[in-house]
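J.: Have a look at this one.
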Amino acid sequence: MRRIAVINQKGGVGKTTTCANLGAALARAGRRVALIDLDPQADLSMHVGVEADAGECSTYAVLLGDLPLADALRETSTPGLSIVPSHIDLSGAELELASAIGRETILRDAVQRWEADGRATTGSAPADYVLFDCPPSLGLLSINALAAAREVLITLQTEFFALQGMSKLVEIVALLRRRMNPELAITGILPCLYDSRLKLAREVLGEIRTYFPEQVFRTAIRTNVKLAEAPSYGQTIFEYAPTSRGARDHDLLAAEVMQREAEDPELAALPRTKAGDGGVITPPGRGGRAPRASAPARAPEIVRARDLPALPREVFGARTPPSAE
Numbered sequence: 242m243r244r245i246a247v248i249n250q251k252g253g254v255g256k257t258t259t260c261a262n263l264g265a266a267l268a269r270a271g272r273r274v275a276l277i278d279l280d281p282q283a284d285l286s287m288h289v290g291v292e293a294d295a296g297e298c299s300t301y302a303v304l305l306g307d308l309p310l311a312d313a314l315r316e317t318s319t320p321g322l323s324i325v326p327s328h329i330d331l332s333g334a335e336l337e338l339a340s341a342i343g344r345e346t347i348l349r350d351a352v353q354r355w356e357a358d359g360r361a362t363t364g365s366a367p368a369d370y371v372l373f374d375c376p377p378s379l380g381l382l383s384i385n386a387l388a389a390a391r392e393v394l395i396t397l398q399t400e401f402f403a404l405q406g407m408s409k410l411v412e413i414v415a416l417l418r419r420r421m422n423p424e425l426a427i428t429g430i431l432p433c434l435y436d437s438r439l440k441l442a443r444e445v446l447g448e449i450r451t452y453f454p455e456q457v458f459r460t461a462i463r464t465n466v467k468l469a470e471a472p473s474y475g476q477t478i479f480e481y482a483p484t485s486r487g488a489r490d491h492d493l494l495a496a497e498v499m500q501r502e503a504e505d506p507e508l509a510a511l512p513r514t515k516a517g518d519g520g521v522i523t524p525p526g527r528g529g530r531a532p533r534a535s536a537p538a539r540a541p542e543i544v545r546a547r548d549l550p551a552l553p554r555e556v557f558g559a560r561t562p563p564s565a566e
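In terms of the numbering used here, the sequence shown has 349 at position 108, counting the first letter as 1, and numbering is strictly consecutive.
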């Protein structure tokens, strides 16, 4: 069971959109996906058409120990996609848990119990993927997600401060890896809100791929009005605009994410066909097409990869598994 934290301490950089639509794309490909909404704004929950009322099943109830994770999961309109929804009450969780022993690992313990119970009952994990949608901060809620996850997917807007804002996040991941979660690794960096018409966007994307050649997805999520509209209808992009480029981008992203399934014997046995039309998902770079940056011009005002402080490279995992050769 792959556990992936979708994170960036900045807001408005595509975390929730990615979490909802990557989860839906994986579910369409036959995977069992559980989303965990850790943002008190509950945008992910609303995006997939699920809202939690006060006192009902929610991430808040799970973190306070009032409800097992299995009982908090709600089905969405996408087959194979479920969610532990969030509620505004979650905004007070950090204060309520401030004195709790082991407060940083409450979510990890809940996920591990859920997985252990599932294996004891059915002989297999209760889900193939768990995606954690983190709030735009590096507080206790995000720390809980990073403690529970094994992989980190960073969404990165192709703008001026994109690279510069990475340093603090990478330092936090490195710290948690040393002290709390040795399995944690940054396995994916996803360029979002990409507009190839903008010179700055092309330059930033080029710099990101130069500095993180093994972690940056070949797929970039392009700016798309349909992606922006879908949440207001409580639908994923595949329900709202299945033929849009936003849907295509997330299908390609899911194909890249699934390339790592070879490392997990349970997931390696799963089929690679896309639910709905039986077509094979082709990852970009192997016959598929994904937006690529043209050779970046070296404008002096942009933050360059070489200007960044040295980052702890041990926290970076390969985005795709090593070759068998």
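We put the beta carbon where it would ideally sit given N, CA and C, even for glycine.
It should be emphasised that the depicted structure is a prediction, and the values quoted were computed from it without experimental measurement.
Answer with buried or exposed for R420, where buried requires no fewer than 16 other C-beta atoms within 10 angstroms of its C-beta.
T.: exposed
J.: Looking only at its own chain, which residues have a Cβ that is under 7 Å from the Cβ of A389, when we skip the five neighbours before and after it?
T.: R244, L348, R349, V352 and F373
J.: Identify, in the order they occur along the chain, each residue of the same chain with its Cβ nearer than 7 Å to the Cβ of P537, setting aside the five sequence neighbours on each side.
T.: For P537, the predicted structure reports a pLDDT of 39, less than 50, and the residue's modelled location is therefore unreliable. A value from the coordinates is still provided. Taken in chain order, the residues that qualify are R443, E444, G447 and E448.
J.: Per the contact definition of three or more C-beta pairs closer than 8 Å, is the region 487 to 503 in contact with the region 260 to 268?
T.: yes
J.: Label G519 either buried or exposed according to how many other C-beta atoms from any shown protein chain fall within 10 Å of its C-beta, with 16 as the threshold for buried.
T.: Confidence at G519 is low in this model, with a pLDDT of 37, below 50, so the placement of that residue should be treated as unreliable; the coordinate-derived value is given next. Under this definition G519 is an exposed residue.
J.: With burial defined as no fewer than 16 other Cβ atoms inside 10 Å of the residue's Cβ, what is the status of A357: buried or exposed?
T.: exposed
J.: Hey, how far is the Cα of A415 from the Cα of F458?
T.: If I take the Cα positions, the gap works out to 21 Å.
J.: What did DSSP end up calling C433 once you bin it into helix, strand or coil?
T.: strand
J.: Check Q398 in the structure and name its three-state DSSP category.
T.: strand
J.: Helix, strand or coil for L372, going by three-state DSSP, please let me know.
T.: strand
J.: Sort L379, P512, E504 and N385 by Cα distance to S408 and report the nearest one.
T.: For S408, the closest C-alpha among the options L379, P512, E504 and N385 is that of L379.
J.: Give the single residue among L305, N249, V247 and T258 whose Cα lies nearest to the Cα of Q476.
T.: Selected option, being the one with the closest Cα: T258.
J.: Is there a Cβ from chain B that is less than 7 Å from the Cβ of R443?
T.: Note that chain B does not occur in the displayed structure, where there is just one protein chain.
J.: Measuring CA to CA, which of G429, A366 and Y435 is closest to E400?
T.: A check of alpha carbon separations from E400 across G429, A366 and Y435 identifies Y435 as the nearest.
J.: May I ask you to report which of helix, strand or coil DSSP gives A488?
T.: helix
J.: What residue ranges within the region 307 to 342 form continuous alpha helix (DSSP H) runs of no fewer than 4 residues, ordered along the chain?
T.: 310 to 313 and 334 to 337
J.: Looking at the ligand SAH, does it come within less than 6 Å of L494, judged from the CB to the closest heavy atom?
T.: Among the ligands in the structure shown, none appear at all, so the ligand SAH cannot be discussed.
J.: Could you tell me which of G364, L382 and V325 sits nearest to G343, measuring between CA atoms?
T.: L382
J.: If I measure Cβ to Cβ from A386 and keep anything under 6 Å in the same chain, skipping five residues before and after, which residues do I get?
T.: Closer than 6 Å at the Cβ level, and outside the excluded window around A386, lie A246, L279, F373 and C375.
J.: Among the residues of its own chain, which have a CB less than 7 Å from the CB of G478, if the five just before and after it don't count?
T.: For the record, residue 478 in the displayed sequence is Ile; it is not Gly. Its chain contains N262, K467, L468, A471, S485, G487, A488 and H491 as the residues whose beta carbon lies nearer than 7 Å to that of I478, once the 5 sequence neighbours on both sides are disregarded; these appear in chain order.
J.: Please list, in chain order, all residues of the same chain as R360 whose beta carbon is under 7 Å from its beta carbon, the five residues on each side excluded.
T.: A366
J.: What does I235 pair with, by DSSP beta-bridge criteria?
T.: This structure leaves residue 235 out entirely; the chain is present only between 242 and 566.
J.: Kindly give me the distance between the Cβ atoms of E345 and I395, rounded to whole angstroms, as I take these residues to be in contact under 8 Å.
T.: In fact, because the Cβ distance is near 20 Å, the residues do not count as touching under 8 Å.
J.: Assign I347 to one of three DSSP states: helix, strand, or coil.
T.: helix
J.: By a C-beta neighbour count over all protein chains shown, 10 Å radius and 16 as the cutoff for buried, is R354 buried or exposed?
T.: exposed
J.: Exposed or buried, what is P432 when buried is set at 16 or more other beta-carbons lying within 10 Å of its beta-carbon?
T.: That one is buried.
J.: Between which two residues does the alpha helix (DSSP H) harbouring L379 extend?
T.: No alpha helix (DSSP H) holds L379; DSSP gives it neither H nor E.
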